[in-house]
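Protein sequence lines, in the order shown, are assigned to chains A and B.
Quick note, my numbering runs 335 ahead of the 1-based positions in the first sequence.
Quick note, my numbering runs 1181 ahead of the 1-based positions in the second sequence.
Read the structure below first, then the notes.
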Amino acid sequence: KAGVTQTPRYLIKTRGQQVTLSCSPISGHRSVSWYQQTPGQGLQFLFEYFSETQRNKGNFPGRFSGRQFSNSRSEMNVSTLELGDSALYLCASSQDTYTGELFFGEGSRLTVL
Amino acid sequence: AQSVTQLGSHVSVSEGALVLLRCNYSSSVPPYLFWYVQYPNQGLQLLLKYTTGATLVKGINGFEAEFKKSETSFHLTKPSAHMSDAAEYFCAVSDPPQTGANNLFFGTGTRLTVIP
């Protein structure tokens, strides 16, 4: 069974630009969560989608948004990039979110110059 | 609100020695607790979890953890360290499903170095 796939793995943007990251969950998993990982703040929850609906959202500004498609694939978008948005963005899928057993992708490393 | 504190951002042990990574949690309700491991340039992998029942839980790669409610702790141990255990370890807590929440709160991580 294929794991969680995230694209692109690495990308470089400049301040003010926007970026879209993609995540394909494990087949059969209907929940997709996104986390931001930085050296200073650690792992922080962004949002979670289940059956195309956002079920939970972390404490991030509105520049961070996401969506989920009918095939459970998810995208997250960050608009008006700031230097502080440089991070590893991790996607995780789960068949049943309430167990907390998340399956993570390898992440998309975003560098904002 | 849920939170996790991991004592020691860096831990070094000799190969074959005991591994002990500390985690204390704060939760207003009985928590679900987890340990995840992250190898360089990879995502996180679940090592073990505690939900209900037996307080000593065993995970992959010989790791285990014990839930101690009185100490609000969930420390991770392994009797004998291997070189392949070198990685970053994250403790996490979530609300139980009855609360309707479904996200994890992670600690800041502990980087484990194994000395040959």
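Even glycine gets a Cβ: it sits at the ideal position worked out from N, Cα and C.
Given the structure is predicted, the values throughout are model-derived calculations rather than measurements.
Restricting to runs no shorter than 3 residues, where is the beta strand (DSSP E) found entirely within the segment 1217 to 1270 of chain B?
Fully enclosed beta strand (DSSP E) runs of 3 or longer: 1225 to 1231, 1237 to 1239, 1245 to 1249, 1254 to 1259.
Could you tell me which chain B residues have their CB closer than 9 Å to the CB of residue 394 of chain A, listed as they occur along the chain?
Sequence index remark: in the first sequence, residue 394 of chain A carries index 59 (1-based). Correct list: empty, because the minimum Cβ distance to chain B is about 11 Å.
Can you list, in chain order, the residues of its chain whose CB lies under 7 Å from that of residue 1268 of chain B, leaving out five sequence neighbours each side?
Counting from 1 along the second sequence, the entry for residue 1268 of chain B is found at position 87. Closer than 7 Å at the Cβ level, and outside the excluded window around residue 1268 of chain B, lie 1218, 1219, 1220, 1293.
Within the same chain, show all residues whose beta-carbon is closer than 6 Å to that of residue 387 of chain A, passing over the 5 residues directly before and after it, in chain order.
On the first sequence, residue 387 of chain A is found 52 positions in, with the first residue counted as 1. Excluding residues within five positions, the ones whose Cβ falls inside 6 Å are 403.
Interface residues of chain A around residue 1207 of chain B at Cβ under 8 Å?
Here residue 1207 of chain B refers to the residue found at position 26 of the second sequence. In chain order: nothing, as chain A lies at least about 16 Å away.
Of all the options A:398, A:337, A:368, which has the alpha carbon lying nearest to the alpha carbon of residue 362 of chain A?
One-based indexing of the first sequence puts residue 362 of chain A at position 27. The candidate whose alpha carbon is nearest that of residue 362 of chain A is A:337.
Let me know the secondary structure DSSP gives residue 416 of chain A once reduced to three states.
Numbered from 1 along the first sequence, position 81 holds the residue referred to as residue 416 of chain A. It is coil, neither helix nor strand.
Out of curiosity, what's the CA-to-CA distance linking residue 1200 of chain B and residue 1232 of chain B?
Within the second sequence, numbered from 1, the residue matching residue 1200 of chain B stands at position 19. Within the second sequence, numbered from 1, the residue matching residue 1232 of chain B stands at position 51. Cα to Cα, the separation comes out at about 23 Å.
Give the list of continuous beta strand (DSSP E) stretches no shorter than 3 residues that lie fully inside the segment 365 to 417 of chain A.
366 to 373, 377 to 385, 388 to 392, 399 to 403, 409 to 413, all fully within the segment 365 to 417 of chain A.
Would residue 1215 of chain B count as contacting chain C if we go by Cβ distances under 9 Å?
In the structure shown, chain C cannot be found, because the protein chains are A and B.
So, helix, strand or coil for residue 427 of chain A, using DSSP?
Sequence index remark: in the first sequence, residue 427 of chain A carries index 92 (1-based). In this structure, residue 427 of chain A counts as strand in the three-state DSSP scheme.
I'd like to know if residue 1273 of chain B contacts chain A, where contact means its C-beta is closer than 9 Å to some C-beta of that chain.
Within the second sequence, numbered from 1, the residue matching residue 1273 of chain B stands at position 92. So yes, residue 1273 of chain B belongs to the interface.
In the DSSP assignment, the beta strand (DSSP E) including residue 1205 of chain B goes from what residue to what residue?
Sequence index remark: in the second sequence, residue 1205 of chain B carries index 24 (1-based). Here the beta strand (DSSP E) through residue 1205 of chain B covers 1200 to 1207.
Is the shortest distance between the beta-carbon of residue 1257 of chain B and the beta-carbons of chain A less than 9 Å?
By 1-based counting over the second sequence, the position of residue 1257 of chain B is 76. Answer no: the Cβ-Cβ gap between residue 1257 of chain B and chain A never drops below 9 Å.
If you compare alpha carbons, which of B:1290, B:1297, B:1274, B:1288 is closest to residue 1210 of chain B?
One-based indexing of the second sequence puts residue 1210 of chain B at position 29. Checked all of B:1290, B:1297, B:1274, B:1288; the closest Cα to residue 1210 of chain B is B:1274.
Considering just the uninterrupted stretch of the beta strand (DSSP E) at residue 1183 of chain B, what are its terminal residues?
As a working mapping, residue 1183 of chain B is identified with position 2 in the second sequence. Segment: none, residue 1183 of chain B is in no beta strand (DSSP E) and carries neither H nor E.
Residues of chain A with CB under 7 Å from residue 1223 of chain B, in chain order?
Reading the second sequence from its first residue, position 42 is the one you call residue 1223 of chain B. Within 7 Å Cβ-Cβ: 441.
Taking only three categories from DSSP, how would you classify residue 361 of chain A?
Here residue 361 of chain A refers to the residue found at position 26 when the first sequence is read from its first residue. It is coil, neither helix nor strand.
Relative to the C-alpha of residue 364 of chain A, which candidate in A:413, A:440, A:429, A:436 has its C-alpha closest?
Taking the first residue of the first sequence as 1, we reach residue 364 of chain A at position 29. Ranking A:413, A:440, A:429, A:436 by Cα distance to residue 364 of chain A puts A:429 first.
With DSSP as the reference, label residue 337 of chain A as helix, strand or coil.
Numbered from its first residue, the first sequence carries residue 337 of chain A at position 2. Of the three classes helix, strand and coil, the one that applies to residue 337 of chain A here is coil, per DSSP.
From which residue to which residue does the beta strand (DSSP E) around residue 1192 of chain B run?
Position 11 of the second sequence holds residue 1192 of chain B. 1191 to 1195 is the extent of the beta strand (DSSP E) around residue 1192 of chain B.
Check residue 1285 of chain B in the structure and name its three-state DSSP category.
Position 104 of the second sequence, counting from 1, holds the residue named residue 1285 of chain B. The answer is coil: DSSP assigns residue 1285 of chain B none of H, G, I, E or B.
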